[in-house]
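J.:
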Amino acid sequence: MMKEANNYCRQIGVEASPENLREVRRFVEEVSRDLQLEGDDGYDLKVAVSEAAANAIEHSGAESFLEVCVTQYPDDRLTFEISDEGNFHLSPRKPEQAGGRGLGLPLMVALMDEVRIYRNSRGGTTVSLTLFLGEQQQRETA
Amino acid sequence: MEISTSELRGVEVFEVRGEIDHSNAGRLSSAVDEPLERGDEVIVLDLSEVDYIDSGGVSVLLSTVRRLRNRGWLGVVNPNANVRRLLEIVGLTVDHGFRLFSDRAEAEGAIEEVISNEQGKR
Chain A
26 MMKEANNYCR QIGVEASPEN LREVRRFVEE VSRDLQLEGD DGYDLKVAVS
76 EAAANAIEHS GAESFLEVCV TQYPDDRLTF EISDEGNFHL SPRKPEQAGG
126 RGLGLPLMVA LMDEVRIYRN SRGGTTVSLT LFLGEQQQRE TA
Chain B
2 MEISTSELRG VEVFEVRGEI DHSNAGRLSS AVDEPLERGD EVIVLDLSEV
52 DYIDSGGVSV LLSTVRRLRN RGWLGVVNPN ANVRRLLEIV GLTVDHGFRL
102 FSDRAEAEGA IEEVISNEQG KR
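Protein sequences, first through last, are from chains A and B.
Every number in the numbering used here is 25 more than the matching position in the first sequence, counting from 1.
Every number in the numbering used here is 1 more than the matching position in the second sequence, counting from 1.
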């Protein structure tokens, strides 16, 4: 049973459009249910993944594609990778002028245990968001 | 996301339902723009029926608080625990231009206070 859960891996692809943020969030909700995530974890993942997707959509060109892939590793790390075909950039404007774009990354960092941003094999950008589920459980039982 | 409006002691209350995200936060921004432009001192958002908010929505709240600063406040009624936590993370809940209410009656009490303070000044 445990081994099965540790091999958990799913992914979806959506067109890079703001209207598809809901679909990305429904995917995260399904994953949370599958993995029976407890407490704030499910909601935190939903916000962080949706923010990463929103960021990708903003800097991806029209008709581009967004991939969301989730993997649970044997050490209970749960990682969502949001990959696009564009270049990640931070907004130089103030958050309130940037339609909230500037708040996305700080929120991801606040909600996740680890946030990584790197260039992927498609020439685009991947944002990797990780929660250490085991550590959380240890913290809660301590 | 759906937005409807009502009035509480002369203050415009926006009742929002559903999810506030980057795809629809612009509509919320346009909605609160009218009382802001009119010079209203207090604006209230009833978020009882909002189950999700992201940085797009949070940013509308931040900008509303900024525009009301030095003249009044933005009141938020009954956000769920998750929404409330996000508002805390971005520092909204400690901003003096922001008020958090558990229900509309509490918001009404705060509005009455503003009204009686104004009457006292006259």
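C-beta atoms are modelled at their ideal positions from N, C-alpha and C, and glycine is treated no differently.
Taking C-beta to C-beta, are D100/A and A41/A nearer than 8 Å?
T.: Numbered from 1 along the first sequence, position 75 holds the residue referred to as residue 100/A. Numbered from 1 along the first sequence, position 16 holds the residue referred to as residue 41/A. Not in contact: D100/A and A41/A (Cβ atoms no closer than 8 Å).
J.: Among G27/B, V12/B, S49/B, which residue has its Cα nearest to the Cα of V115/B?
T.: Translated into positions along the second sequence, residue 115/B becomes position 114. Closest by alpha carbon: V12/B.
J.: Is the CB-CB distance between F15/B and L37/B below 8 Å?
T.: Locating residue 15/B in the second sequence gives position 14, where the first residue counts as 1. Locating residue 37/B in the second sequence gives position 36, where the first residue counts as 1. Result no, Cβ atoms of F15/B and L37/B do not sit closer than 8 Å.
J.: Quick check on R147/A: does DSSP put it in helix, strand or coil?
T.: For the purposes of this step, residue 147/A is taken as the residue at position 122 of the first sequence. Three-state result, R147/A: coil.
J.: The alpha helix (DSSP H) that contains Q120/B, what's its start and end?
T.: Translated into the one-based positions of the second sequence, residue 120/B becomes position 119. It spans 105–122 - the alpha helix (DSSP H) in which Q120/B sits, taken as one unbroken run.
J.: Mapping the DSSP letters down to three states, classify G38/A as helix, strand or coil.
T.: One-based indexing of the first sequence puts residue 38/A at position 13. Strand, per DSSP.
J.: Using only alpha-carbon positions, find the residue among A82/B, I44/B, E8/B that is nearest to G64/A.
T.: Translated into positions along the first sequence, residue 64/A becomes position 39. Comparing Cα positions, the closest option is A82/B.
J.: Using a Cβ-Cβ distance under 8 Å, would V33/B count as near chain A?
T.: The residue labelled residue 33/B in the question sits at position 32 within the second sequence. V33/B does not count as touching chain A.
J.: For A41/A, return the contacting residues in chain B, with the cut-off set at a CB-CB distance below 9 Å.
T.: What you label residue 41/A is simply residue 16 of the first sequence in a count that begins at 1. Simply none; closest approach about 12 Å.
J.: Between T155/A and L103/A, which are expected to be in contact by the criterion C-beta below 8 Å, what is the C-beta distance as a whole number of angstroms?
T.: Indexing the first sequence from 1 puts residue 155/A at position 130. Indexing the first sequence from 1 puts residue 103/A at position 78. About 7 Å separates the two Cβ atoms, so the contact holds.
J.: Buried or exposed: where does D55/B fall if 16 or more other Cβ atoms within 10 Å of its Cβ makes it buried?
T.: Reading the second sequence from its first residue, position 54 is the one you call residue 55/B. So D55/B ends up on the buried side.
J.: Reducing DSSP to helix, strand and coil, say where V91/B ends up.
T.: Position 90 of the second sequence holds residue 91/B. Here V91/B sits in coil by DSSP.
J.: Shorter than 8 Å from the beta carbon of S7/B to some beta carbon of chain A?
T.: For the purposes of this step, residue 7/B is identified with residue 6 of the second sequence, where counting begins at 1. Chain A contact via Cβ: absent.
J.: Flag V95/A as yes if its beta-carbon sits less than 8 Å from any beta-carbon of chain B, otherwise no.
T.: Walking along the first sequence from the start, residue 95/A turns up at place 70. No - not a single Cβ of chain B is within 8 Å of the one on V95/A.
J.: Look up D59/A in the DSSP assignment and say whether it is helix, strand or coil.
T.: Here residue 59/A is taken as the residue at index 34 of the first sequence, counted from 1. Helix, per DSSP.
J.: Which value, in whole angstroms, describes the spacing of the CA atoms of G148/A and S7/B?
T.: Here residue 148/A refers to the residue found at position 123 when the first sequence is read from its first residue. Here residue 7/B refers to the residue found at position 6 when the second sequence is read from its first residue. So the alpha carbons of these two residues sit roughly 50 Å apart.
J.: Looking only at its chain, what residues have a beta carbon closer than 6 Å to the beta carbon of A108/B, apart from the 5 residues adjacent to it on each side?
T.: Here residue 108/B corresponds to residue number 107 of the second sequence, with the count starting at 1. Around A108/B: V45, G76, V78, F102.
J.: In terms of residues, what are the limits of the alpha helix (DSSP H) holding D4/A?
T.: This structure leaves residue 4/A out entirely; chain A is present only between 26 and 167.
J.: Under the three-state reduction of DSSP, which class applies to E13/B: helix, strand or coil?
T.: Within the second sequence, the letter at position 12 stands for residue 13/B. Strand, per DSSP.
J.: Is the beta carbon of L62/A less than 8 Å from the beta carbon of Y33/A?
T.: Reading the first sequence from its first residue, position 37 is the one you call residue 62/A. Reading the first sequence from its first residue, position 8 is the one you call residue 33/A. No. Outside cutoff.
J.: Which residues mark the beginning and the end of the alpha helix (DSSP H) in which S49/B is found?
T.: Along the second sequence, read from residue 1 onward, the residue named residue 49/B stands at position 48. That residue, S49/B, is in no alpha helix (DSSP H); its beta strand (DSSP E) goes 43–54.
J.: Just how far apart, CA to CA, sit D138/A and G159/A?
T.: What you label residue 138/A is simply residue 113 of the first sequence in a count that begins at 1. What you label residue 159/A is simply residue 134 of the first sequence in a count that begins at 1. Cα-Cα distance, rounded: 12 Å.
J.: Does chain A have any CB closer than 8 Å to the CB of L101/B?
T.: As a first step, residue 101/B is located in the second sequence; it is residue number 100 there, counting from the start. No, because no Cβ of chain A sits closer than 8 Å to the Cβ of L101/B.
J.: Kindly indicate the opening and closing residues of the beta strand (DSSP E) around R102/A.
T.: Counting from 1 along the first sequence, the entry for residue 102/A is found at position 77. Start and end: 102–108.
J.: Just tell me which of L87/B, V95/B, A106/B has its CA closest to the CA of P131/A.
T.: On the first sequence, residue 131/A is found 106 positions in, with the first residue counted as 1. It is L87/B.
J.: Assign D22/B to buried or exposed, taking buried as 16 or more other Cβ atoms, counted over all protein chains shown, within 10 Å of its Cβ.
T.: Residue 22/B sits at position 21 when you count from the first residue of the second sequence. Flag for D22/B reads buried.
J.: Express the C-alpha separation of F90/A and D41/B in angstroms, rounding to a whole number.
T.: One-based indexing of the second sequence puts residue 41/B at position 40. One-based indexing of the first sequence puts residue 90/A at position 65. Taking the straight line joining both Cα atoms gives about 43 Å.
J.: State buried or exposed for A78/A, treating a residue as buried only when at least 16 other CB atoms are found within 10 Å of its CB.
T.: Residue numbering aside, residue 78/A sits at position 53 when the first sequence is read from its first letter. Burial call: buried.
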